[in-house]
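Undergrad: The sequence shown finishes on residue 1015 if you use the numbering used here, and the numbering steps up by one all the way, no holes. The C-beta atom is built at its ideal place from N, Cα and C for all residues, glycine as well. Got a structure for you, questions after.
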Amino acid sequence: MRGLGPLTADDVRRLGLPEGAVGDAYDRLLHLLDDVDEPAPPGGRRAVPVDAVVDPVVGLDLAAARLVLAGLDLGTLSAAPAPRPEATRG
């Protein structure tokens, strides 16, 4: 799982993923195991736009993509795309 789906802190912020998503799939597994005894955050995990999970899995086979997505510990996926700035008309 080392080297699978690596994400930097900048990637995580840009994609709107949880802070614990930094690193590769192995790092995320360790993070999830560290948090197993912690209570769920108030209000649960926030929804993540589907667009946010595309970049980390591009080019991966199905099994690898599943490992990467499982490690992101996503709450729910929002079917709506991530908000984009409105284009201005001239």
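1) Between Thr933, Arg953, Gly928, which has its C-alpha nearest Leu999's C-alpha?
2) Could you tell me whether the Cβ atoms of Val973 and Gly948 are closer together than 8 Å?
3) Contact defined as beta carbons within less than 8 Å: I believe Ala990 pairs with Val982. What is the distance between those atoms, to the nearest angstrom?
4) Taking the CB atoms as reference points, tell me whether Leu985 and Val975 lie closer together than 8 Å.
5) By Cβ distance below 7 Å, which residues in the same chain neighbour Val937 in space, the five residues on each side in sequence not counted?
6) What are the residues that DSSP puts in a beta bridge with Leu932?
7) Tell me whether Ala995 is buried or exposed, calling it buried when 16 or more other Cβ atoms sit within 10 Å of its Cβ.
8) On the three-state DSSP scale, how would you describe Leu987?
9) Shortest alpha-carbon distance to Met926 belongs to which of Ala977, Leu955, Asp960?
TA: Based on what the coordinates show:
1) Arg953
2) no
3) 4 Å
4) no
5) Glu944, Ala946, Val947
6) Gly948
7) In summary, Ala995 is exposed, with fewer than 16 beta-carbon neighbours lying within 10 Å of its beta-carbon over all protein chains present.
8) helix
9) Leu955
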